[in-house]
DNA sequence: CGAGGTATTGACGGCTCTCAAGTCTGGTGG
DNA sequence: CCACCAGACTTGAGAGCCGTCAATACCTCG
């Protein structure tokens, strides 16, 4: 999928070089401003980063580990909106309150940036303003792609999820998932049983292998992509 | 839902003639710039406004009528991302290409604004820059809400859809839907048969009445809200 | 080695899709 | 003004996919 590329590229994971379709320098210089304002903070497994409805004081960039954003419906079900991997930014809305919650998935380190500082900077530096807009638009595109997933079959959802994670992580065929089956289920709008059964089906079909439950090897990407959008 | 309110307010509801917010109100000067750049264009029923993958030259604001954005999956299914009613803006992404298609639902009039002009203006006028960001963030929030719909039951999806349309249209109990059952189905990730059956169920349960197939009366909002998020 | 959380597997049921009639509605032309 | 037609909508019957409930296996950490 395109959006993950865009997001990763634009935010420039320190380890990854930049390549992008927006202006080559505007993203980078804005980003350096972003990083200059940030303070690293550590979080433990399942620790809350912010809660639904809380004032949106900060914006976050993952340094190491991973985070999830989610919303709990009135019937108790949890929908995960997104997973955030190193280099990616979250918590950036326009209102003064978050409209979802965020947690660290495992032991993680985040760069924490004061929202007001970013916005103040955007008033004078239009590169920062453009960065805020770009980040929000990339998030929009990501959510739109995610929405398309939710109307597909279980096999298609899981296959797309694996391909997406492979692209965003090492871009190797071996994926070490930071999240549990329950997280995957809540991200894809399925149950853990269906996730588990589907992974078994894909393994039986020789599209993947699952050496341990957190490690998945894509042995036949073409078979997976056949299920893709 | 909050976002529709925010969006409507920000863009000036059609009940107020568009020309009025060119008034030198400093808080809305960004919008007046937006409107000053726009040219009204007429579209006929089902006419394409832009196609998936086309260069994103323009941004659109509905004056009268309604529009839908959608994406066609490789299996031929169509997912409608959003409906746009008078006063609402669409077509605003950050890349230089649209990543979905847009059509007029019925005979419609749109204000068409050159994207490059908006972006150029944002370089010097940070209120315009803030407007672009705000519009994008509101769209993001709308899509996030939409995503939550797609994991719910058919009854809940239809009930939420009706409440949403009621809020965005007259905010009366009588809704005149601009779109067909097929449009609703593709918006909610259901089939037309399920839409039809669900409306019948809601009517039987005395939550709504359906005098004609495009007109729906909310006779018991509390019953509908019980199915809400 | 034991315990508790996590993941897998199985049986069954329900919700929604599919396929297939019917019915209504809105627009057109006589 | 009315009859007619095509598309849109409704309703029904059956099937399939996924959710639920339950039991078992696995893995991690004390």
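Chains as they are written, first to last, in the working numbering: chain A, 1 to 229; chain B, 230 to 458.
We put the beta carbon where it would ideally sit given N, CA and C, even for glycine.
Residue i and residue j look like a contact to me (Cβ under 8 Å); what is the Cβ gap, rounded to whole Å?
i                      : j                      : result
residue 288 of chain B : residue 134 of chain A : Going by Cβ atoms, the distance from residue 288 of chain B to residue 134 of chain A rounds to 16 Å, so no, they are not a contact pair.
residue 333 of chain B : residue 274 of chain B : 7 Å
residue 219 of chain B : residue 278 of chain B : In the structure as shown, chain B begins at 230 and stops at 458. Residue 219 of chain B is therefore absent and cannot be evaluated.
residue 111 of chain A : residue 35 of chain A  : 7 Å
residue 148 of chain A : residue 365 of chain B : Wrong, their Cβ atoms sit about 19 Å apart, outside the cutoff.
residue 391 of chain B : residue 404 of chain B : 7 Å
Residues in the same chain with beta-carbon distance under 7 Å from residue i, minus the five sequence neighbours each way, listed in chain order, please.
i                      : result
residue 64 of chain A  : 86, 108 and 109
residue 252 of chain B : Caution applies to residue 252 of chain B, whose pLDDT of 36 falls short of 50 and renders its modelled position unreliable; the value that the coordinates give is listed next. Around residue 252 of chain B: no qualifying Cβ.
residue 383 of chain B : 419, 423 and 427
residue 42 of chain A  : 109
residue 238 of chain B : Its pLDDT being 34, under 50, residue 238 of chain B is placed unreliably in this model, and the value from its coordinates should be taken loosely. Hits under 7 Å: none found.
Report the option in the options whose CA atom is closest to the CA atom of residue i.
i                      : options                       : result
residue 199 of chain A : A:224, A:186 and A:61         : A:224
residue 426 of chain B : B:395, B:450 and B:386        : B:386
residue 286 of chain B : B:299, B:267 and B:302        : B:267
residue 54 of chain A  : A:91, A:212 and A:144         : A:91
residue 146 of chain A : A:96, A:116, A:43 and A:82    : A:82
residue 159 of chain A : A:176, A:195 and A:132        : A:195
residue 371 of chain B : B:435, B:407 and B:317        : B:317
residue 345 of chain B : B:335, B:360, B:325 and B:359 : B:325
residue 307 of chain B : B:313, B:281 and B:391        : B:281
residue 313 of chain B : B:361, B:352 and B:406        : B:406
Starting from the C-beta of residue i, find all residues in its chain whose C-beta is less than 8 Å away, skip the five residues before and the five after it, and write them out in chain order.
i                      : result
residue 432 of chain B : 438 and 439
residue 402 of chain B : 395, 446, 447, 448 and 450
residue 269 of chain B : 292, 338, 339, 340 and 341
residue 212 of chain A : none
residue 201 of chain A : 155
Using the C-alpha atoms, what's the distance from residue j back to residue i?
i                      : j                      : result
residue 304 of chain B : residue 120 of chain A : 47 Å
residue 380 of chain B : residue 395 of chain B : 22 Å
residue 443 of chain B : residue 295 of chain B : 14 Å
residue 354 of chain B : residue 399 of chain B : 34 Å
residue 26 of chain A  : residue 330 of chain B : Its pLDDT being 37, under 50, residue 26 of chain A is placed unreliably by the model, and nothing is read from it.
residue 327 of chain B : residue 300 of chain B : 11 Å
residue 68 of chain A  : residue 373 of chain B : 14 Å
residue 118 of chain A : residue 128 of chain A : 8 Å
residue 73 of chain A  : residue 106 of chain A : 24 Å
residue 207 of chain A : residue 290 of chain B : 46 Å
residue 276 of chain B : residue 343 of chain B : 20 Å
residue 457 of chain B : residue 179 of chain A : 29 Å
residue 138 of chain A : residue 205 of chain A : 34 Å
residue 130 of chain A : residue 359 of chain B : 9 Å
Once you ignore the five residues that flank residue i on each side, which residues in its own chain have a CB closer than 6 Å to its CB?
i                      : result
residue 455 of chain B : none
residue 192 of chain A : 181, 182 and 185
residue 132 of chain A : 122
May I ask you to list the residues that DSSP assigns as paired with residue i?
i                      : result
residue 176 of chain A : A:215
residue 326 of chain B : B:284
residue 331 of chain B : B:279 and B:298
residue 78 of chain A  : A:72
residue 187 of chain A : Answer by DSSP bridge pairing: none, since residue 187 of chain A is not bridged.
residue 40 of chain A  : A:111
residue 437 of chain B : B:447
residue 61 of chain A  : A:89 and A:111
residue 312 of chain B : B:297
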